[in-house]
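Here's the structure we're looking at; comments come further down.
Numbering (mature numbering (1 follows the signal peptide of the UniProt record, and there is no 0)), first residue to last: -19 to -1, 1 to 933.
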């Protein structure tokens, strides 16, 4: 039997490689709830606010909503949040049983603010929160939200709201006996009791308790037609049956963004950063799925789902966070979608529409829970989202360095040889990764004793060079009676269940597999204990974790994932929680690694699946890409989309996971990869070995240059991630984040800003000799090539020559970027090395930057053991001052060099002042060929405050 299972997996896998089998994944038309929601007629909403039911407290307005077609009542809560934001929550007033409300995505309970009722009439209520306001209209129901005095979001303006109330299943009509397979249905009057086969004594009562005495009589109103949809009460896709015991329960709402020219976000899709119109195509889909070698320029679901969307125009940026974990589809229509004839008519008649983007969110289950992000500037909006869902903790610095991986390194000797060769060829490396083959027969928390007889020796050999090991732990548990984890899960009821209470069984890499129910706190606690060093033998605190396949991937499941009618802890169906499965899994892994070190060391986890809030626990990557130029190109927009959606720690498999890159592509991928936060080479088991020395010397030398460049910028990356943790600023940013009125940049996604000081252009075409680079700033901001210091920016678009040795990278005038130029074998070896400051003064002779320093590994920085420095060049003086006076860290790093680009004229010497050193003269040297003034060996400890005075 095991042989047949393994053969089936191999056949499945081979069939997936090469192109996406679209027939394995649903379209909107094949998804009954999407089909129903998408067919709602514009402008014919049946929903009305009953303003005479309005009540309020300090922060929230409460009012009932009525559907005149169905006679169903809903409770509406409109809440003022901190930072002048709003939250809209809508649920049935008297549901047959509780509807699922998302857990875990929010960082905490959102902080509320004072809601002021400005005006109340018979037709609307106007409320204010700080500088922002909203108007709730009664009939038809609509909410207009203003940023200041500008209307930025209009909710239900097109009347596409749909909230399918929970109902009893209609009896089959006499003329249609056997309307549904009754053996597959539960009694709809008692759904929670029949589905709940576990001991639920520890669960919240409101999740399990059926609401009695429901006043609604389904027969009194014509209804919304959902109960008559062929897929409302059961649905088939290919050979998979979804029992749908609760019937139709979809929700949908439209949002219009007046003044917006583009919308962005809702990752993950292998598509352009600026989202495209779906007027003549499939909607964007959010449903976490395992898609081998995904195709680009597609709206199909991929591994993660973050339902946050931003709208941007010249005057304002706004956004919405759709707080729902079920399968979701999003339609997008822009005012720019007019055909050519209509555009000409509008131009001639002078009736051209103002910019606007309309969107329509449609989810299978849950409640309507929406956060309005009101900017008004792009960075404001990104930070507002981070206030709600959190930001990443400061990662250990090794995780920002270079990672080497493949599926799989053969054995312990192979790992040692990889590490030795990185030293032999003078290539820096921080992490080596092991994929699934390190285990004993795909049983996680075990080792293949033949291939890895002494894993502790292997780990210690790596850490002696300042390197780490990452091993994979996937969610599928091999069904093997000789496997302790399977036996524990079976005996204790830890697996996800069928509706009849039996353990669910699917296929994945081990063959027959079951899946721990991470929504159960008891299961999470058990799982966390498995990482204890006394249990996971062969590991140390220097071994970190890769959570893959956690969508979850089920090879023989519908759409390569779990059936929706499986049951999790609390009686919730998988359809309710699918998109947060990966989040909950990595949350448990994070807590496990945190506990493993007694709360002292920062965990590093990589996750393939994610949801809003995943940034608090894990980095992500863009999944199973391919070694081709188009997949290289799409890595920038995919990570940009993730970054503004809260997940800054993003990367793509360098070189491509599938296929074998030729030399030029391999080089270009490294040159681009060093400018993505997560930087790892990874490849499929069937690919050729592709460590840098497996190519010719020219390739090896260029890759070495790229790696050394990445390592020299580690202080800048580290500082950006600390600032991300503190204020939610994305590490990667689109150009319009800092230049919001430059419409030429709104659709650019092959250029990124790293922080606000570094501009990078990807080179993703073969044998190219020049590329167009857009320089933001409308000719008023200069940009300097980071090596030659050649000045650009007088014109917005410039053709830049490129060679095979580098891609275009520029530093903005007015910035100070900290670097470390002594690149060693690992970041750990560079910890106490000196800093170089690259200062580029603007036309006013000003430049500014920040530098963050701590021990690079522990949580001691949360106890004040760090340095956060403000670096300022002004009036011919360079100063370093403490931004946090109460914080302190005893660093051994010192200031080795200062390079001042575009320096003041006639400088002949420099003097440094500090409390520790007093006053000392410094050597200066001016290079007229690149207009750089160099100050060598100031020698000051970076923990000191100091002033360097330039003297003519």
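Quick reminder that beta carbons are idealized off the backbone N, C-alpha and C, glycines included.
Identity of the residue in the options nearest residue i by Cα
| i | options | result |
| --- | --- | --- |
| residue 803 | 925, 814, 797, 95 | 814 |
| residue 555 | 919, 23, 226, 908 | 226 |
| residue 753 | 207, 744, 760 | 744 |
| residue 900 | 63, 930, 923, 924 | 930 |
| residue 568 | 344, 747, 608, 501 | 501 |
| residue 863 | 882, 838, 832 | 832 |
| residue 255 | 759, 894, 724 | 724 |
| residue 405 | 806, 3, 834 | 806 |
| residue 247 | 270, 210, 291, 334 | 291 |
| residue 238 | 213, 216, 294 | 294 |
| residue 600 | 29, 571, 607, 578 | 571 |
| residue 58 | 64, 49, 52, 39 | 39 |
Rounded straight-line distance, which links the Cα of residue j to that of residue i
| i | j | result |
| --- | --- | --- |
| residue 305 | residue 83 | 6 Å |
| residue 170 | residue 6 | Caution is warranted here: a pLDDT of 31 is assigned to residue 170, below 50, making its placement in the model unreliable, and the coordinate value is therefore given only provisionally. If you take the alpha carbons of residue 170 and residue 6, they lie about 32 Å apart. |
| residue 92 | residue 25 | 36 Å |
| residue 934 | residue 728 | In the structure as shown, the chain starts at -19 and stops at 933, and residue 934 therefore has no counterpart that could be examined. |
| residue 69 | residue 119 | 15 Å |
| residue 693 | residue 427 | 37 Å |
| residue 229 | residue 460 | 34 Å |
| residue 464 | residue 493 | 13 Å |
| residue 594 | residue 301 | 15 Å |
| residue 841 | residue 873 | 17 Å |
| residue 716 | residue 722 | 10 Å |
| residue 560 | residue 859 | 50 Å |
| residue 368 | residue 356 | 13 Å |
| residue 718 | residue 250 | 21 Å |
| residue 359 | residue 449 | 37 Å |
| residue 341 | residue 352 | 15 Å |
| residue 935 | residue 207 | Absent from the structure is residue 935, since the part of the chain shown begins at -19 and ends at 933. |
| residue 534 | residue 543 | 7 Å |
| residue 680 | residue 749 | 17 Å |
| residue 653 | residue 12 | 38 Å |
Residue i, DSSP secondary structure in three states
| i | result |
| --- | --- |
| residue 360 | helix |
| residue 90 | coil |
| residue 405 | helix |
| residue 770 | coil |
| residue 466 | helix |
| residue 1 | coil |
| residue 700 | helix |
| residue 454 | coil |
| residue 557 | helix |
| residue 934 | With the chain represented from -19 up to 933, any question about residue 934 goes unanswered, as that position is not in the structure. |
| residue 287 | coil |
| residue 753 | strand |
| residue 65 | coil |
| residue 18 | helix |
| residue 706 | helix |
Beta-carbon spacing of residue i, residue j below 7 Å
| i | j | result |
| --- | --- | --- |
| residue 454 | residue 299 | no |
| residue 591 | residue 375 | no |
| residue 902 | residue 889 | no |
| residue 629 | residue 757 | no |
| residue 88 | residue 370 | yes |
| residue 411 | residue 390 | no |
| residue 634 | residue 665 | no |
| residue 865 | residue 849 | yes |
| residue 657 | residue 632 | yes |
| residue 60 | residue 41 | yes |
| residue 344 | residue 557 | no |
| residue 388 | residue 421 | no |
| residue 29 | residue 47 | yes |
For residue i, the residue or residues it bridges with in DSSP
| i | result |
| --- | --- |
| residue 734 | 714, 740 |
| residue 54 | 47 |
| residue 239 | 337 |
| residue 863 | 850 |
| residue 494 | 459, 487 |
| residue 424 | 421 |
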